[in-house]
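A.B. asks:
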Amino acid sequence: MKKLYYVLFGIIIGVVLSIGSSAYAAELSSLIGKKIQSEWSVTLNGKNLGTALIVDGKSYAPVRVIGEAAGFDVTFSDKNVILKSVEKGDVPMALADVETAIEYRKSEIKSLTSFKQSVFDIEDKRKIIEDKIAVLEAEIIELEKQKADLLK
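Just so you know, we're using our numbering here: the sequence shown kicks off at 10 and counts up by one.
Next up, the structure:
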């Protein structure tokens, strides 16, 4: 009986693994035989890096060229693309990028300052509301006493 369970368990595992791997293989081979719909040029900072192929609305760009342009060391091993950072530390920014970063941070400071003021306003309002709740709770206690007296 135990042997039957092992056999059934093995069959179930085999079916699950074969379905999963065939679905994965179908996904990988889905590009084989597909028609290239168009080619688009890939440009970085005005420099043409190559062309990207468009298949079913997805772009397939030249990984090596784009990776190297982004500052990565690109290697291929066992059907895998491996990107390694070449530079240590921060990547130098262009002047326009630095100016944009400065403006963004100034905008954030302005937004946070405004938010900070609204928090102070909320704290003031919270105190007023807490006082009002205390008054209403005291009034409820008084009214409960009056109700009890009326029911006697």
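Cβ atoms here follow ideal geometry from the backbone N, Cα and C, with glycine treated the same way.
Which partner residues of I63 appear in the DSSP bridge assignment?
C.D. replies: According to DSSP, I63 bridges with S47, S68.
A.B. asks: Going by other Cβ atoms of all chains shown within 10 Å of its Cβ, with 16 needed for buried, is G55 buried or exposed?
C.D. replies: That one is exposed.
A.B. asks: Between which two residues does the beta strand (DSSP E) harbouring K93 extend?
C.D. replies: Taken as a continuous stretch (DSSP letters only), the beta strand (DSSP E) holding K93 covers 89–94.
A.B. asks: Determine the extent of the alpha helix (DSSP H) in which A143 is found, giving its start and end residues.
C.D. replies: Counting along the chain, the alpha helix (DSSP H) containing A143 begins and ends at 104–160.
A.B. asks: Relative to the C-alpha of D65, which residue among K43, G80, F129, W49 is closest?
C.D. replies: Residue K43 is the option with its Cα nearest to D65.
A.B. asks: Using the Cβ count rule (16 or more neighbours within 10 Å means buried), how would you classify G80?
C.D. replies: Looking at its Cβ environment, which holds fewer than 16 other Cβ atoms inside 10 Å, G80 is exposed.
A.B. asks: Do V51 and T60 have their C-beta atoms closer together than 8 Å?
C.D. replies: Contact: yes.
A.B. asks: Can you tell me the Cα-Cα spacing of L145 and A105, whole angstroms?
C.D. replies: When rounded, the distance between both Cα atoms is 59 Å.
A.B. asks: Please confirm whether S86 and I63 have their CB atoms less than 8 Å apart.
C.D. replies: Against a cut-off of 8 Å, the Cβ pair of I63 and S86 comes out as no contact.
A.B. asks: By how many angstroms is the C-alpha of E117 removed from the C-alpha of E108?
C.D. replies: Those two C-alpha atoms are separated by around 14 Å.
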